[in-house]
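Undergrad: Okay, handing you the structure first.
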Amino acid sequence: MSLASGPVIPNFGKGSACVRGDHTFCWDWVRDHWNDTLSPALVQHIELTVIAVGIGFALAFALALLAHSYRLLEQPFGIVSALLYTIPSIALFQLLVPFTGITWTTVEIALVAYTLVILYPNITAGLRSTSPEVLEAARGMGLTRQQVLWRVELPLAVPAIIAGLRIAVVSTISIGTIAAFLLPKGLGYPIFVALGNPTPFKTEIYSAGALAIGLALVCDALLVLLRRLLVPWARLRFA
Amino acid sequence: MIVAGAFTGAFHFIVHNPHFLASKTLDQIELSAAALGIALVVALPLGVVLGHFHRGATIAIGASILGRALPSLVLIGIFLTVLGIGFRNNTVALAVLATGPILTNSYESVDRVDRDAVDAAIGLGMTHVQILRRIELPLALPLLFTGLRVAAVTVVATAPVAAVAGGGGLGDIIVNQASYGLSGVLGASFCVMALSAAVFLALFGLQIAVTPRALRATKVPGNLSGKEPA
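Protein chains in written order, with this note's numbering: chain A, 1 to 239; chain B, 240 to 469.
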């Protein structure tokens with residue numbers, strides 16, 4: 001931790017010879033700035049992702065159950081969601097600013113919208129994928145509509161739901177870096193700052209970038225593990 | 240009131256700066272086209288050939304996971320440190336971004352072609368090239384095009400991020416609120432949105448147009464449609 005006041009980042013003119021010379025990678029910079037730059041950014045990024053995917057999943061799940069129970073909105077939603085997903089995050093963040101200001105909420109609304117658009121089609125497709133024979137057998141056993149949903153259709157939809165969650169989580173982590181264009185938060189911010197220097201500071205770009213990619217890959221692996229635990233019978237095909 | 244004011248400001252900006260916005264849009268299209276071109280040349284043949292020989296599933300699936308996990312800002316930052324500021328590094332960074340969906344979908348689309356159809360073609364004495372050109376590619380087109388569309392939209396939608404690395408294009412306006420004000424930022428955001436939507440719709444239309452008539456009745460494939468052959 002440096003005790004110097006004033007702008008700590010980009011930290012040029014201070015630090016070791018490695019940092020001053022902007023060598024390829026300076027471990028000492030990472031060590032010195034883990035606590036004041038990298039670690040907070042990582043924590044913010046995780047918060048950002050958890051909130052966005054959590055809310056997005058809850059909404060998508062509720063909507064999918066509704067649509068499934070009442071057989072609503074099946075086809076048109078596909079195109080609408082694909083179109084919504086084409087709205088570039090950098091533009092969507094800005095377009096929400098007049099409504100919610102330059103705030104954390106703005107970023108979360110945009111991210112929730114993206115996760116919703118990814119998760120809803122996956123969940124409905126998963127629910128619909130139960131084969132007619134299985135449904136027939138379930139009804140034959142005397143299960144009610146609700147029981148069929150919760151005991152047959154949902155468990156069988158788990159692989160598709162987790163496939164959707166993997167895409168949603170990894171995309172949210174990736175898009176979350178763009179939030180730095182709006183707010184000084186998340187793993188995108190150190191990169192944004194480093195790029196703003198007259199000579200971009202390599203170590204900061206590489207370390208924050210590695211954390212973002214690493215976070216995405218770790219979350220993806222955790223979801224694969226979750227699927228193995230929940231549905232050990234499912235093949236590894238829903239990539 | 241404030242909200243309405245911000246958006247009318249944005250429309251004023253668009254109406255009063257058509258040439259400026261058009262030239263920025265063209266810059267962005269140029270950057271996107273270059274990136275997409277590189278990605279196509281590299282990933283499409285590779286994916287199709289791997290799919291034809293049913294080899295390298297790990298590469299294709301790995302590319303899709305890695306492709307999604309690589310944030311655009313990180314890629315742009317990394318390539319900037321290697322290739323310097325400007326057009327070259329942004330093109331390469333966006334090309335890497337586009338490689339994932341193109342490689343995965345071109346592999347999957349050819350790999351999943353009905354084995355019976357391919358066996359029949361082999362029985363007729365067709366060569367690898369003939370099978371690929373007459374059987375596999377036509378049947379693979381819808382899914383292949385989904386990959387192209389995803390890649391193209393991703394690249395066009397991400398190109399504004401390149402503004403932090405001297406990218407030119409509409410992103411220059413979005414990251415420079417100090418010069419253009421909120422109305423400029425919003426106006427450029429609308430243009431970015433319109434451009435992405437236009438690319439999406441154009442490629443969607445093209446996808447339907449190139450899909451063989453016999454395949455059109457079936458749904459345009461998403462990632463989950465279609466059961467796995469046992």
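Here a beta-carbon is modelled for each residue, glycine too, at the ideal position from N, C-alpha and C.
Are at least three pairs of beta-carbons, each pair with one atom in the stretch 167 to 175 of chain A and one in the stretch 44 to 60 of chain A, less than 8 Å apart?
TA: yes
Undergrad: Determine whether the Cβ of Thr177(A) lies closer than 9 Å to any Cβ atom of chain B.
TA: Taking Cβ atoms only, chain B reaches closer than 9 Å to Thr177(A), which makes this a yes.
Undergrad: In its own chain, which residues sit with a C-beta less than 6 Å from the C-beta of Leu260(B), not counting the 5 before and 5 after it?
TA: Cys430
Undergrad: From which residue to which residue does the alpha helix (DSSP H) around Thr338(B) run?
TA: 326 to 350
Undergrad: Applying the 10 Å Cβ sphere with the 16-neighbour rule, what's the burial state of Ile447(B)?
TA: exposed
Undergrad: Report the CB separation of Pro340(B) from Gly301(B) in whole angstroms; it is logged as a contact under 8 Å.
TA: In this structure Pro340(B) is not in contact with Gly301(B), their Cβ atoms being roughly 13 Å apart against a cut-off of 8 Å.
Undergrad: In chain order, what residues of the same chain have a beta carbon less than 6 Å from the beta carbon of Arg151(A), not counting five sequence neighbours either side?
TA: Close CB contacts of Arg151(A) within its chain, under the 6 Å cut and outside five residues either way in sequence, are absent.
Undergrad: If the criterion is Cβ atoms closer than 9 Å, does the pair Val313(B) and Gly196(A) meet it?
TA: no
Undergrad: If we cut at 9 Å on Cβ distances, does Leu143(A) have a partner in chain B?
TA: no
Undergrad: Listing by chain order, which chain A residues have their CB less than 8 Å from the CB of Gly410(B)?
TA: By Cβ distance, chain A contributes Ile90.
Undergrad: Which same chain residues, not among the five before or five after Leu63(A), have their C-beta less than 7 Å away from its C-beta?
TA: Tyr120
Undergrad: Start and end of the alpha helix (DSSP H) containing Lys202(A)?
TA: Run containing Lys202(A): 202 to 230, per the alpha helix (DSSP H) assignment.
Undergrad: If the criterion is Cβ atoms closer than 9 Å, does the pair Ala360(B) and Gln369(B) meet it?
TA: yes
Undergrad: What do you reckon, are the CB atoms on Thr177(A) and Ile167(A) nearer than 9 Å?
TA: no
Undergrad: Mind pulling the chain A residues with CB within less than 7 Å of Val414(B)?
TA: Phe181
Undergrad: With 9 Å as the threshold, decide whether the Cβ of Ser271(B) is near any Cβ in chain A.
TA: no
Undergrad: If the criterion is Cβ atoms closer than 9 Å, does the pair Ile102(A) and Leu187(A) meet it?
TA: no
Undergrad: How many angstroms separate the CA atom of Ser16(A) from the CA atom of Trp29(A)?
TA: 8 Å
Undergrad: When the distance is taken between beta carbons, is Gly56(A) closer than 9 Å to Ile118(A)?
TA: yes
Undergrad: Out of His291(B), Gly316(B), Val287(B), Gly364(B), point me to the one whose CA is closest to Arg354(B)'s CA.
TA: Of the residues His291(B), Gly316(B), Val287(B), Gly364(B), the one whose Cα lies closest to the Cα of Arg354(B) is His291(B).
Undergrad: Give the secondary structure of Asp411(B) by DSSP, where H, G and I count as helix, E and B as strand, and everything else as coil.
TA: helix
Undergrad: Compare the beta carbon distance of Leu336(B) and Leu319(B) with 9 Å and say whether it is the shorter of the two.
TA: no
Undergrad: With a threshold of 9 Å between beta-carbons, can Ser174(A) be considered close to chain B, or not?
TA: Under the Cβ criterion of 9 Å, Ser174(A) is counted among the residues facing chain B.
Undergrad: Counting Cβ pairs, one atom from each stretch, are 3 or more of them under 8 Å apart for the stretch 392 to 411 of chain B and the stretch 267 to 283 of chain B?
TA: yes
Undergrad: Consult DSSP for Ile102(A) and reduce its assignment to one of helix, strand or coil.
TA: coil
Undergrad: Quick one: using the 10 Å Cβ neighbour count with 16 as the cut-off for buried, is Phe439(B) buried or exposed?
TA: Counting Cβ neighbours within 10 Å, Phe439(B) comes out buried, since at least 16 surround it.
Undergrad: Counting only the same chain and skipping the five closest in sequence on each side, list residues whose C-beta sits under 7 Å from that of Ala41(A).
TA: Gly186, Leu187, Tyr189, Pro190, Ala208
Undergrad: At a CB-CB cut-off below 8 Å, which residues of chain A make contact with Thr320(B)?
TA: Under the 8 Å cutoff, chain A gives Pro200, Lys202, Ile205, Tyr206.
Undergrad: Under 9 Å between the Cβ atoms of Leu421(B) and Ala243(B)?
TA: no
Undergrad: Could you check which residue in Lys202(A), Leu215(A), Ala113(A), Thr130(A) has the C-alpha nearest to that of Ala58(A)?
TA: Ala113(A)
Undergrad: In the DSSP assignment, find the unbroken alpha helix (DSSP H) run with Cys26(A) in it and report its ends.
TA: In the DSSP assignment, Cys26(A) falls outside any alpha helix (DSSP H), carrying neither H nor E.
Undergrad: Quick one: residues in its chain with C-beta nearer than 8 Å to the C-beta of Leu442(B), no 5 flanking neighbours on either side, listed in chain order?
TA: Taking Leu442(B) as the centre and dropping the five residues before and after it, the same chain places the C-beta of Phe384, Leu387, Arg388, Ala391, Val392 closer than 8 Å to its C-beta, in chain order.
Undergrad: Sorted by chain position, which residues of the same chain lie with C-beta nearer than 8 Å to Ile317(B)'s C-beta, five sequence neighbours on each side aside?
TA: Ala332
Undergrad: Does Ser39(A) pass the burial test, meaning 16 or more other C-beta atoms within 10 Å, or should it be called exposed?
TA: exposed
Undergrad: Identify the contact partners of Val170(A) in chain B, using a Cβ-Cβ distance below 7 Å as the criterion.
TA: Arg307, Ala308
Undergrad: Under 7 Å Cβ to Cβ from Pro98(A), same chain only, skipping five residues before and after it: list those, please.
TA: none
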